[in-house]
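Under full-length UniProt numbering, think of the first position of the sequence shown as 1, with each following residue one higher. Using N, Cα and C, we set each Cβ at its ideal position, and we do this for glycine too. Remarks on the structure that follows.
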Amino acid sequence: MARISPLVALPPLAFAALAGMFLWGMGRDDPTGLPSAMVGREAPAVPQTTLPGKTQLTDAMLRQPGVKLVNFWASWCPPCRAEHPTLVELAKQMPVYGIDLRDTDANALSFLEQDGDPFAAIATDPKGRGAIDWGVTAPPETFIVDGEGRILYRFAGPLVREDYANRFLPELEKARAAE
Numbered sequence: 001m002a003r004i005s006p007l008v009a010l011p012p013l014a015f016a017a018l019a020g021m022f023l024w025g026m027g028r029d030d031p032t033g034l035p036s037a038m039v040g041r042e043a044p045a046v047p048q049t050t051l052p053g054k055t056q057l058t059d060a061m062l063r064q065p066g067v068k069l070v071n072f073w074a075s076w077c078p079p080c081r082a083e084h085p086t087l088v089e090l091a092k093q094m095p096v097y098g099i100d101l102r103d104t105d106a107n108a109l110s111f112l113e114q115d116g117d118p119f120a121a122i123a124t125d126p127k128g129r130g131a132i133d134w135g136v137t138a139p140p141e142t143f144i145v146d147g148e149g150r151i152l153y154r155f156a157g158p159l160v161r162e163d164y165a166n167r168f169l170p171e172l173e174k175a176r177a178a179e
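Written out as structure tokens, the structure is:
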């Protein structure tokens, strides 16, 4: 009688392990979400430059009482343009601060003049170093910051449609209720 090699069992075991890993991954709450190491921590320093004629965003502004938003954006970013009307509406309810990422002053000012300026104050980050400190992967990204300057939530992507209504707004309401 021929003896069967134990190596024959290796492919089915590898397949079962891979299938188990996929099954576990599908059961996660938000498989597309990237957790932020910044949530619960004090907001990093903001860049100390601004656009001509605009109010400079300062670290002290992030520590003023009340919930506020910090939005990383750029004029060259199509999703930033898509979310811009949402930011204009949010600015009527609360302070919205902007950090212009890897942009020229002329393009950023033209964008704000054309579509409206929702930002109470702005910082510019022409080389993207401030974005690295905040853990920004790509614009747009919006952070909910509390009255003590702590980051409560990070939203990567444009604030539009179902993502805005189902993911961002509940976190914003939670932050406002805890205020």
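Do residue j and residue i count as a contact pair if the criterion is CB distance below 8 Å?
| i | j | result |
| --- | --- | --- |
| Ala123 | Pro47 | yes |
| Arg154 | Glu141 | yes |
| Arg102 | Asp133 | no |
| Met94 | Lys68 | yes |
CB-CB under 7 Å to residue i, same chain, minus the five flanking residues each way: which ones, in chain order?
| i | result |
| --- | --- |
| Gly149 | Glu42, Ala43, Leu62 and Arg63 |
| Phe111 | Ser75 |
| Ile144 | Val67, Leu69, Leu152, Tyr153, Glu171, Leu172 and Ala175 |
Between residue i and residue j, what straight-line distance do the alpha-carbon atoms span, to the nearest angstrom?
| i | j | result |
| --- | --- | --- |
| Trp73 | Glu179 | 26 Å |
| Leu7 | Asn71 | 55 Å |
| Cys80 | Met21 | 35 Å |
| Thr137 | Ala131 | 8 Å |
| Lys54 | Gly25 | 45 Å |
| Arg3 | Ala9 | 13 Å |
| Leu159 | Leu18 | 35 Å |
Can you find the residues in the same chain that come closer than 6 Å, C-beta to C-beta, to residue i, ignoring five residues on each side of it along the sequence?
| i | result |
| --- | --- |
| Ala108 | Leu51, Ser75 and Asp100 |
| Gly27 | none |
| Gln56 | Thr50 |
Under the DSSP definition of a beta bridge, which residues are partnered with residue i?
| i | result |
| --- | --- |
| Ile151 | Val145 |
| Thr124 | Asp100 |
| Gln56 | Ile122 |
Enumerate in chain order the residues of its own chain whose CB-to-CB distance from residue i is below 8 Å, with the five nearest sequence positions on each side excluded.
| i | result |
| --- | --- |
| Gly116 | His84 and Val88 |
| residue 189 | The requested residue 189 is not part of the displayed model; the chain covers only 1 to 179. |
For residue i, does the count of other Cβ atoms within 10 angstroms reach 16, so buried, or fall short, so exposed?
| i | result |
| --- | --- |
| Phe15 | exposed |
| Pro78 | exposed |
| Gly40 | exposed |
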